[in-house]
Amino acid sequence: MSVATGVIMLPRTSIGKKVIMAITGLIWVGFVTFHMYGNLKILAGAEYFNAYAEGLRSLGAPIFGHGHLLFVARLVLIFSLLSHIWAAVTLAMQARGARPRNYALKKSVQATFASLYIRWGGIALFFFVLYHLAHLTWGVPGINNHFIPGNPYNNVVMGFSSGPAIVFYYVALIALSLHLYHGVWSMFQTLGLNSKEYSSMIRLLALALAVVVPLGFAIPPLAVVLGIVTL
Amino acid sequence: MATSTSTSVKTMPTFMEATLDAHVPDGPIEEMWDKHKFEMKLVNPANKRKHTIIVVGSGLAGGSAAASFAELGYNVHCFCYQDSPRRAHSVAAQGGINAAKNYQNDGDSVFRLFYDTVKGGDYRAREANVYRLAQISNQIIDQCVAQGVPFAREYGGRLANRSFGGAQVSRTFYARGQTGQQLLLGAYQALARQIESGGVKMHPRTEMLDLVVVDGHARGIVTRDMVTGKIESHVADVVVMATGGYSNVFYLSTNAKGCNATAIWRAYKRGAFFANPCYTQIHPTCIPVSGEYQSKLTLMSESLRNDGRIWVPRQKGDTRKAADIPESERYYYLEERYPSFGNLVPRDVASRAAKEVVDSGHGVGELKNGVYLDFADAINRLGENVIRDRYGNLFDMYANITGEDPYKVPMRIYPALHYTMGGLWVDYNLQSTVPGLFVLGEANFSDHGANRLGASALMQGLSDGYFIAPATVSNYIAQTSLSKVDASHSAFQQAEEEVVNRVNRLLNIRGRRSVDEIHRELGKIMWEYCGMGRTEAGLKKALELIPALREEFWQNASIPGDADDLNQTLEKAGRVADFLELGELLCRDALDRAESCGGHFREESQTEDGEALRDDENFAYVAAWQYAGDDAEPILNKEPLKFDYVKLTQRSYK
Amino acid sequence: MNLKLRVWRQKNAESQGRLVDYELKDVSPEYSFLEMLDLLNEKLMREGELPVAFDHDCREGICGMCGLMINGVAHGPKAAVTACQLHMRNFHDGDTIVIEPWRATAFPIIKDLVVNRTAFDRIIQAAGYISVSTGSAPEANNTPIAKTEADLAMDAAACIGCGACVAACPNSSAMLFTAAKASHLALMPQGQPERYDRAVLMVNAMDEEGFGGCTNIGECEAVCPKEISLDFIAQLNRDLIKASFMGAGKRL
């Protein structure tokens, strides 16, 4: 048997794939947390919010040129997402192959909904991200007909003026919450940072992120619906 | 006895009461083993891989031997009936393993361990073997610790000890209540390492059904693959059997359901003498039987006697709850009768005392078939946490089985069949009377005399497997020139044919009674007439009942299914058929030994206090039975026992 | 009490299996689950049917031979016990009990409820040991080991290799089993020289056997009759990551 060892070969093992999921997941946890924080700026008005959005493009100036660091960040995020998905899909296929036939009757003893259905939640989040980009970044006609490039404040307000968009968004937030709840804890476990002493603290951190991040995201659309944020 | 298995007629020397030579080396007992090791012949390292050793059994003795042989460079084939060598029944030993380390500075020494073991065995063991066992005990602990066995530790990081029945020093090493499991995993891991390196070929789910003897030497075995039913011959230079004891002849015992005597019984029928079959050990602390259906008895480690106090109500037939019985009406019978050893008297003494109080009407529990083992004092003194740390898993197990919480109410215990000191006769080299057949662990008779002390079985199994057999088997290989033999040899062909015929014969009985039912009946006969108290009349009765039951088995057992498939009833039937023969030999030996010693209690031979009364003048020997054909009575051979270092006295634990 | 049993029957590895219904009367609450199956088998044999094959040996919860999926839960409804230590007082008169074998590609069915678990042996063979040949051990008390460390190692070493963790895992992962052995040895000073090689080799062997990956769901820990902790999985993960950076696990 040829032994997979060394960092390069790590992804060949099931644990290595999970390490990839943990690290790429960590990047995305950072991104969504930052994204949520940025979104809240919409409460401060159009000028402030649009300036923030534009400011993202001049991140790293003067060392980085206009939009360069943002481009790098996007590359990292896309690469992370694809790696995360690759690892998840191969692990899911491995798991499927590992049980030739399902039990006629199978009960879970303690498993959380979040942990059992994290793969389905992941698929939902993936499609939501595509939709979300089409909705608020690219302004694909038919998905967002009032899109004005360079005016994110307008795009958010107009984007959440439709009922289905809000429903999609909130469903995705539930999926995000569940994904974070199991994913964050799982990340610590996979990276070997969990132990009896810290386990409850890590669970608490996962819970906090699973509550705070989606709640933060939920505020801007709600503000639009309630008329607090208007054009 | 035409109903028994058909066996080829063999010619055997027919001497009566011949004296057996145990090949004990000369010289002072302290130097014997070292001197013997030096005098033994060695096998050239390059030649070792040309020699094949078969090891039957993968428990402490078999597993450690197979691994050690392969480490030396031999080509090893190891067989077990379980699906993995890690499940051999050594796994269930709870309490601990003895060694003469004297870490507690309480006066222990090799000589004291030797002395205690000979005395505990009621002076029916071979001194030279026991001394060697005590010597090797220390190396065993070193070896196991190096393997990563997680023995209990003191806060300072040193190994912890506890005391055990039959000793006044703390010399028992333990890993919670799972010492056997941890030691077995150590041996299993050593074995796994050798399997990986190619030194050992493991054959799980494979049962040995015959021994093959060519030109007077053990040259191989015939096995049945329990999944495919394939009957196969395996050729070797040496056959090592470490197949455990035969307690299951009693049906209900603490042994695993699969434990069986088939390997040693087949070897017996091929010429290996069977020594002291009547030395069976009844363990004092088991959970009492709760009904007819019961399939096995569960042991509660003897270590519980360290902190538990054994008592029964003074008043016969007392139906009050334990908590309602005041201190003054409790009869702490062991503490009263044996003030110096108290609850820590040896197993045979504790068992008989329990039987006595239950028989005289003091029994507790719904069926009045137990005695109390009470932890209330220990919990008060040490706190529940300490008790939980020491015995937690045993308490949980008890609660599971009985539905009672032993932290709140006293445990109920009663003796049960646990260990068999008897087994195939072996000399000092652990070689049986068939050259090339070595027998290790519980399967041999060697070290425990008529009663085994607690925490000594693990010690013996590992001593035989890690240290003794690798030396003596090498010596045998170096000294013996064997003819080249393969599986086409007529002896193998004939043995295979006999095995096939026997399997077919079992499947063709097509009777009406289940194998379990017949086995249960055998167990009842054994327990009734050859259990804790044995009498001449009872044994004679058993000797009539057993052949009749055997007849019934071969006429009326129901064994459905096929030969070429996983067939658990067929496996069981083959084993029960052998128990039905072994049971008879056991009773015959018990009848012949008209003295009481250790676990063998003849009611005709007791002191005024009801203790076992030995008859050293007439019975200071090992009874080694020789098979003489299915229709002939077995021949008794004797190995006289000499005691040069331990003075023969009436055992006293008062 | 009277029970309705739905038992998986399968003649051999190649044949198709199915659930077969049986009625069993007069089961005492004192029976162990396996004694209840004994009773079923006696009844089946009386009726001329083949008995149900199931693995069992010690019947005291330590050998790890028995393993049954009982009403969808490995080893049945009572926590921290094996099927042989499960008593019928945990069920009620009239209950229907579904009994299936462990299901995993790495544990192919041999017959009825009997599966082949030699994959576990091969994981141990890969490196689940300390390489110390007989006779080469130093004096046992030379290396002190803190009681807390020894106790923790014992917690991991308590694994009986029954396979319930694999059976219960939605991914059929053998991580708890593998981690228990790797951690037992990694927690002791004797296990240090091979610690990181061991992690790499055992994880490789585990993957090769066709088990699934771990997604930290924790069903394994919940059904484990010896209550082996998920913490040991974290420990193995940690060791494997470190081992990868060290390039450990190369063997000739």
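Chains as they are written, first to last, in my numbering: chain B, 43 to 273; chain S, 130 to 783; chain C, 19 to 270.
For every residue, glycine included, the Cβ atom is placed at its ideal position computed from N, Cα and C.
Asked                                                                                                                                               : Found
Nearest-angstrom Cα separation, counted from residue 234 (chain C) out to residue 157 (chain B)                                                     : 8 angstroms
Short CB-CB distance (under 8 angstroms) between residue 130 (chain S) and chain C                                                                  : Because residue 130 (chain S) sits at a pLDDT of 37, beneath the cut-off of 50, its placement in the model cannot be relied upon, and the following sentence gives the value as read from the coordinates. By this cut-off, residue 130 (chain S) is not an interface position.
Beta carbon proximity, residue 8 (chain C) to chain S, threshold 8 angstroms                                                                        : As shown, chain C starts at 19 and ends at 270. That puts residue 8 (chain C) outside it, with no answer to give.
6 angstroms Cβ shell around residue 467 (chain S) - same chain, five flanking residues per side excluded                                            : 474, 782 and 783
Interfacial residues, the stretch 130-144 of chain C to chain S, with Cβ spacing under 8 angstroms                                                  : 132, 134, 135, 136, 138, 139, 142, 143 and 144
N- and C-terminal bounds of the alpha helix (DSSP H) containing residue 518 (chain S)                                                               : 513-531
Among S:436, S:427 and S:379, nearest to residue 516 (chain S) - alpha-carbon criterion                                                             : S:436
Status (buried if at least 16 other CB within 10 Å, exposed otherwise) for residue 135 (chain B)                                                    : exposed
CB contact below 8 angstroms: residue 146 (chain C) versus chain B                                                                                  : no
Beta-carbon contacts of residue 165 (chain S) that lie in its chain and below 6 angstroms, excluding the five residues immediately before and after : 154
The stretch 208-227 of chain S contacting the stretch 576-593 of chain S, beta-carbon criterion three pairs below 8 angstroms                       : yes
Range of the contiguous beta strand (DSSP E) that encloses residue 331 (chain S)                                                                    : 329-332
Within 8 angstroms, strictly: CB atoms of residue 71 (chain B) and residue 222 (chain B)                                                            : yes
Residue 273 (chain B), DSSP secondary structure in three states                                                                                     : coil
is_contact[residue 60 (chain B), chain C] using C-beta, thresh 8 angstroms                                                                          : yes
Chain C contact residues for residue 141 (chain B), given Cβ-Cβ distances below 7 angstroms                                                         : 121, 122, 123 and 190
Completely contained beta strand (DSSP E) runs for the stretch 117-155 of chain C, where each covers 3 or more residues                             : 127-129
Contact check, residue 155 (chain C) vs residue 282 (chain S), beta carbons under 8 angstroms                                                       : no
Selection from S:200, S:231 and S:257 that minimises the alpha carbon distance to residue 157 (chain S)                                             : S:257
Nearest-angstrom Cα separation, counted from residue 747 (chain S) out to residue 766 (chain S)                                                     : 14 angstroms
DSSP beta-bridge partners of residue 171 (chain C)                                                                                                  : Paired residues: none, contrary to the question.
Inter-stretch contact (C-beta, 8 angstroms, three-pair minimum) for the stretch 223-240 of chain B and the stretch 176-188 of chain B               : no
Proximity test, Cβ basis, 8 angstroms: residue 234 (chain C) and chain B                                                                            : yes
Whether residue 375 (chain S) touches residue 728 (chain S) by CB criterion (8 angstroms)                                                           : no
Of the residues B:250, B:83 and B:211, the one placed nearest residue 225 (chain B), counting alpha carbons only                                    : B:250
For residue 163 (chain B), the first and last residue of its enclosing alpha helix (DSSP H)                                                         : 160-178
Beta-carbon proximity of residue 142 (chain C) to residue 35 (chain C), cut-off 8 angstroms                                                         : no
Any C-beta of chain S under 8 angstroms from that of residue 85 (chain C)                                                                           : no
Cβ separation of residue 349 (chain S) and residue 606 (chain S), assumed to be a contact under 8 angstroms, to the nearest whole Å                 : Not quite, the Cβ-Cβ distance comes to about 15 angstroms (not below 8 angstroms), so this is no contact.
Helix, strand or coil at residue 347 (chain S) [DSSP, three-state]                                                                                  : strand
Cβ neighbour criterion (16 or more within 10 Å) applied to residue 211 (chain C)                                                                    : exposed
Contact residues within the stretch 93-104 of chain C, judged by C-beta distance below 7 angstroms to chain B                                       : none
Alpha carbon of residue 87 (chain B) to alpha carbon of residue 257 (chain C), nearest angstrom                                                     : 50 angstroms
Closer than 8 angstroms at the beta carbon, the chain C residues around residue 232 (chain S)                                                       : 159
CB-CB length for residue 342 (chain S) against residue 185 (chain S), believed under 8 angstroms                                                    : Not really, about 15 angstroms apart at Cβ, beyond 8 angstroms.
Residue 29 (chain C) at chain B interface by Cβ criterion, 8 angstroms                                                                              : no
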